[in-house]
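Working notes for the structure below.
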Amino acid sequence: MRQVLTMTGLGLAALSLAACNDEGKMDTGTPVAGGARAVAMLATATGAPVGRASATDVAGGVRFTIDATGMPAGTHGAHVHMVGRCDAPDFTSAGGHWNPTQKKHGTMNPQGPHQGDLPNLVIGSDGRGTIGAVIPGATLAGLLDADGAAMVIHAGPDDLMTDPSGNSGGRIACGVFQAS
């Protein structure tokens, strides 16, 4: 157990360092004055609310944030999908990952990532979890195109490499982005 906790701590430390700028400060993206924002209310296939996702224009990209509650404990893939539809029971109406740059899936894939690839969402035993990530080069105008976009949470962890979806399993929650 101690080894698992140590490895988890090392992994979190590496992620924290990777998200820092040259001064050692966390790089969360500087908000754009008057920048666009969109929100997606997340729900299960039965319609139970399980949190919200937001997308905010920041300098050089879009910051995505997920605040989840009432979700199954564990690690879950979290992705922006290219169609703004969340039809139950399996949310396949949301289409594939948002990928305007035509890359392969995953931040660990030398030919990736999709712009819709986010870090895994870790849900604690209390059913809560939060992530935030800036996707460089992404735009809210691209996200909120004619067919919209959706945030999808998957049943299992994303391996951050396997195309097209990181072997992250079924879709267990979904929300359509709406400009706010």
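Taking mature numbering (1 follows the signal peptide of the UniProt record, and there is no 0), I'd label the letters of the sequence shown as residues -18 to -1, 1 to 162.
The C-beta atom is built at its ideal place from N, Cα and C for all residues, glycine as well.
Whether residue i touches residue j by CB criterion (8 Å)
| i | j | result |
| --- | --- | --- |
| A132 | A70 | no |
| V44 | A37 | yes |
| I117 | Q97 | yes |
| T89 | L142 | yes |
Own chain, CB closer than 6 Å to residue i, minus 5 neighbours either side, in chain order
| i | result |
| --- | --- |
| H58 | L103, I135 and H136 |
| G111 | A50, L103, V104 and I105 |
| N150 | The identity of residue 150 in the sequence shown is Ser, whereas the question assumes Asn. Within the same chain, S150 has close Cβ partners G59, H136, G138 and D140. |
| G17 | D39 |
| A115 | F46, L100 and P101 |
Proximal residues to residue i (C-beta, below 7 Å), its chain only, five neighbours per side dropped
| i | result |
| --- | --- |
| V14 | D39, V40 and A41 |
| D4 | Residue confidence for D4 is low, a pLDDT of 41 falling below 50, so the modelled location carries little weight and cannot support an answer. |
| D129 | V65 and G66 |
Bridge-paired residues (DSSP) for residue i
| i | result |
| --- | --- |
| G61 | Per the sequence shown, residue 61 should be read as His rather than Gly. DSSP, once it has assigned bridges, lists D99 and V134 as partnering H61. |
| P13 | V40 |
| residue 183 | Examination of residue 183 is not possible in this model, given that the chain is present from -18 through 162 alone. |
| residue 170 | What the structure shows of the chain is the stretch from -18 to 162, and residue 170 is not part of that stretch, so it cannot be assessed. |
| P118 | G43 |
Unbroken beta strand (DSSP E) run spanning residue i, endpoints
| i | result |
| --- | --- |
| G43 | G43 to A50 |
| L24 | R19 to A25 |
| R110 | Counting along the chain, R110 falls outside any beta strand (DSSP E), and DSSP gives it neither H nor E. |
| S36 | P31 to V40 |
| G157 | R153 to V158 |
N- and C-terminal bounds of the alpha helix (DSSP H) containing residue i
| i | result |
| --- | --- |
| A123 | L122 to L125 |
Contact set for residue i: own chain, Cβ-Cβ below 8 Å, skip 5 residues either direction
| i | result |
| --- | --- |
| R34 | V21, A22, M23, L24, I48, D49 and G157 |
Presumed contact (8 Å Cβ cut-off) between residue i and residue j, rounded CB distance
| i | j | result |
| --- | --- | --- |
| D99 | H87 | 6 Å |
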